[in-house]
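Protein chains in written order, with full-length UniProt numbering: chain A, 1 to 201; chain B, 1 to 201.
Protein chains: 2
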Amino acid sequence: MSHKGLLVILCGPSGVGKGTILNKAMHKNKNIRLSVSATTRSPRSGEEEAVNYYFKSIRDFKKMIEKDELVEWVEYCGNYYGTPKRHIEDLLGQGYDVVLEIEVEGAARIKNKYPEVVSVFVLPPTFEELRTRLAGRGTEDSEVIEKRIERARQEIEHADKYDYIIINDDIDEAADKLNCILQAEKLTVERNKHILEEIGF
Amino acid sequence: MSHKGLLVILCGPSGVGKGTILNKAMHKNKNIRLSVSATTRSPRSGEEEAVNYYFKSIRDFKKMIEKDELVEWVEYCGNYYGTPKRHIEDLLGQGYDVVLEIEVEGAARIKNKYPEVVSVFVLPPTFEELRTRLAGRGTEDSEVIEKRIERARQEIEHADKYDYIIINDDIDEAADKLNCILQAEKLTVERNKHILEEIGF
Numbered sequence: 001m002s003h004k005g006l007l008v009i010l011c012g013p014s015g016v017g018k019g020t021i022l023n024k025a026m027h028k029n030k031n032i033r034l035s036v037s038a039t040t041r042s043p044r045s046g047e048e049e050a051v052n053y054y055f056k057s058i059r060d061f062k063k064m065i066e067k068d069e070l071v072e073w074v075e076y077c078g079n080y081y082g083t084p085k086r087h088i089e090d091l092l093g094q095g096y097d098v099v100l101e102i103e104v105e106g107a108a109r110i111k112n113k114y115p116e117v118v119s120v121f122v123l124p125p126t127f128e129e130l131r132t133r134l135a136g137r138g139t140e141d142s143e144v145i146e147k148r149i150e151r152a153r154q155e156i157e158h159a160d161k162y163d164y165i166i167i168n169d170d171i172d173e174a175a176d177k178l179n180c181i182l183q184a185e186k187l188t189v190e191r192n193k194h195i196l197e198e199i200g201f
Numbered sequence: 001m002s003h004k005g006l007l008v009i010l011c012g013p014s015g016v017g018k019g020t021i022l023n024k025a026m027h028k029n030k031n032i033r034l035s036v037s038a039t040t041r042s043p044r045s046g047e048e049e050a051v052n053y054y055f056k057s058i059r060d061f062k063k064m065i066e067k068d069e070l071v072e073w074v075e076y077c078g079n080y081y082g083t084p085k086r087h088i089e090d091l092l093g094q095g096y097d098v099v100l101e102i103e104v105e106g107a108a109r110i111k112n113k114y115p116e117v118v119s120v121f122v123l124p125p126t127f128e129e130l131r132t133r134l135a136g137r138g139t140e141d142s143e144v145i146e147k148r149i150e151r152a153r154q155e156i157e158h159a160d161k162y163d164y165i166i167i168n169d170d171i172d173e174a175a176d177k178l179n180c181i182l183q184a185e186k187l188t189v190e191r192n193k194h195i196l197e198e199i200g201f
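What follows is the structure in structure tokens.
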């Protein structure tokens with residue numbers, strides 16, 4: 001992994017602002033690439049095929065599972081989500097840092113398969129703030145919102161299994177923190193043992 | 001440690017540019033404080049008491065050792081160097097990140113006493129570059145330079161015991177890297193378990 005890019009999991013409850021943080025971070029750091037997930041859920045307004053998701057029918061998604069083309073997949077609120085394997089390995093091989101914005105179960109599976117992964121959990125400043133954000137998005141009905149709030153509680157219980165925690169009380173700062181984490185991880189001794197050999201001492 | 005500042009070891013061979021990196025890093029990050037070491041060596045031109053070092057006679061230095069007032073001390077090239085205990089613990093308690101610019105043996109002792117310490121090893125881009133820098137400083141005679149070069153080789157063999165490696169091929173970048181390491185370390189789950197309780201989930 002030392003000469004390749006970093007594989008990064010960005011996790012956290014729905015509505016916490018993972019996507020916004022990532023967009024800001026990518027604006028400042030051109031070495032980040034998003035892993036584009038496959039999903040069976042319907043596109044939201046403005047979402048594009050192969051940019052936000054690979055939108056799949058349930059039948060096609062199940063074919064990908066059968067052919068072992070997904071690093072992980074999960075069923076969540078009635079829809080399937082998964083991470084296409086070749087896509088992320090190509091990007092890592094090209095030296096990009098690949099960020100997976102992913103649910104808790106998927107994250108756990110990625111960590112098992114790629115122990116060198118860097119895992120970051122995003123928290124809202126308070127739980128009430130998260131509730132406000134989820135209600136304010138206005139793209140889901142109240143039943144879905146309540147489901148997500150309950151789920152958020154469960155997800156946050158797993159936050160202590162991640163490497164890093166970012167509290168999203170300021171998008172700009174949160175994006176800078178994410179970029180710092182990537183920078184620092186590239187400086188760890190574990191990822192740089194080859195340098196001690198190459199440098200010619 | 002979670003609510004206090006970070007204790008940071010900055011290590012690396014003499015002449016690699018630790019002091020210059022630190023000055024740059026402190027210019028951008030007002031939360032860093034240097035640990036001021038005690039030493040029996042003579043002040044170099046421009047060095048100030050209690051800023052660069054606490055300059056001590058050998059007799060006074062030995063008294064500090066007897067009274068257990070030093071976190072660590074070492075004899076190096078005929079002089080004593082040590083880290084006053086109360087000084088760093090006061091700064092950490094005030095929330096500052098305290099950086100110790102320190103030799104390899106001292107670093108090992110600090111790591112034993114403070115396992116939560118963040119350790120950073122600074123490498124020159126090449127060994128030849130280090131030789132040029134040591135010769136170019138012009139403050140030491142050639143015998144001292146040769147001693148330091150031999151010592152540098154021995155020190156660099158320990159680089160893989162540190163948490164992070166910074167290659168000093170550009171002072172500005174090296175300073176930014178150091179600041180990123182401090183930022184990222186403050187986001188690790190180990191240093192933030194209290195947040196998961198305080199945030200009220």
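We treat Cβ as the ideally placed atom computed from N, Cα and C, and that holds for glycine.
(message) So with CB distances below 7 Å, who are the chain A contacts of residue 192 of chain B?
(response) In chain order: 165.
(message) So, for residue 74 of chain A: in the same chain, excluding its five sequence neighbours on each side, which residues have a beta-carbon less than 6 Å away from its beta-carbon?
(response) 81, 103, 105 and 106
(message) According to DSSP, is residue 33 of chain A part of a helix, a strand, or is it coil?
(response) strand
(request) Please state whether DSSP places residue 119 of chain A in a helix, a strand or coil. (result) Residue 119 of chain A falls in the strand class under three-state DSSP.
(request) For residue 183 of chain B, return the contacting residues in chain A, with the cut-off set at a CB-CB distance below 7 Å. (result) Residues of chain A passing the Cβ test: 177 and 180.
(message) For residue 171 of chain A, which residues in the same chain have their Cβ closer than 8 Å to its Cβ, ignoring the five residues on either side in sequence?
(response) 17, 20, 21 and 24
(message) Do residue 10 of chain A and residue 101 of chain A count as a contact pair if the criterion is CB distance below 8 Å?
(response) A contact, by the Cβ cut-off of 8 Å.
(request) Show which residues of chain A have a CB atom less than 8 Å away from the CB atom of residue 159 of chain B. (result) 189 and 196
(request) Measuring only between beta-carbons, confirm whether residue 162 of chain B sits less than 8 Å from chain A. (result) yes
(message) Looking at the strands, I want to know which residues DSSP matches up with residue 9 of chain B.
(response) B:100 and B:119
(request) Please report the residue range of the beta strand (DSSP E) in which residue 75 of chain B lies. (result) 70–76
(request) Check each candidate in B:163, B:131 and B:88 and name the one with the smallest Cα separation from residue 14 of chain B. (result) Of the candidates B:163, B:131 and B:88, B:131 places its Cα closest to the Cα of residue 14 of chain B.
(request) Report yes or no: do the segment 38–48 of chain B and the segment 181–193 of chain B share at least 3 C-beta pairs separated by less than 8 Å? (result) no
(request) Spell out a yes or no on whether the segment 154–170 of chain B and the segment 108–122 of chain B are touching, meaning 3 or more CB-CB pairs, one atom from each, closer than 8 Å. (result) Yes, the segment 154–170 of chain B touches the segment 108–122 of chain B.
(message) Could you check whether residue 196 of chain A and residue 160 of chain B sit closer than 8 Å to each other, using their CB atoms as the reference points?
(response) yes
(message) Please classify residue 97 of chain A as buried or exposed, where buried requires at least 16 other C-beta atoms within 10 Å of its C-beta.
(response) buried
(request) Mind checking who residue 83 of chain A pairs with in its DSSP beta bridge? (result) A:72
(request) For chain E, find out if any of its Cβ atoms is closer than 8 Å to the Cβ of residue 49 of chain B; answer yes or no. (result) Absent from the structure is chain E; the protein chains it does hold are A and B.
(request) Can you grab the Cα-Cα spacing for the pair residue 94 of chain B / residue 87 of chain B, in whole Å? (result) Near 11 Å, if we compare the C-alpha coordinates of residue 87 of chain B and residue 94 of chain B.
(request) Give the single residue among A:39, A:47, A:48 and A:12 whose Cα lies nearest to the Cα of residue 59 of chain A. (result) A:39
(message) Is the beta carbon of residue 71 of chain A closer than 8 Å to that of residue 83 of chain A?
(response) Yes, the pair counts as a contact, with Cβ atoms nearer than the cut-off.
(message) Could you give the first and the last residue of the continuous beta strand (DSSP E) run that contains residue 114 of chain A?
(response) Careful: residue 114 of chain A lies outside any beta strand (DSSP E) and carries neither H nor E.
(request) Could you check which residue in A:177, A:125 and A:54 has the C-alpha nearest to that of residue 36 of chain A? (result) A:54
(message) Starting from residue 188 of chain A, trace the alpha helix (DSSP H) in both directions and tell me its first and last residue.
(response) No alpha helix (DSSP H) holds residue 188 of chain A; DSSP gives it neither H nor E.
(message) Using the Cβ count rule (16 or more neighbours within 10 Å means buried), how would you classify residue 177 of chain B?
(response) buried
(request) Quickly, what does DSSP pair residue 167 of chain A with across the bridge? List them, please. (result) In DSSP, residue 167 of chain A forms a bridge with A:123.
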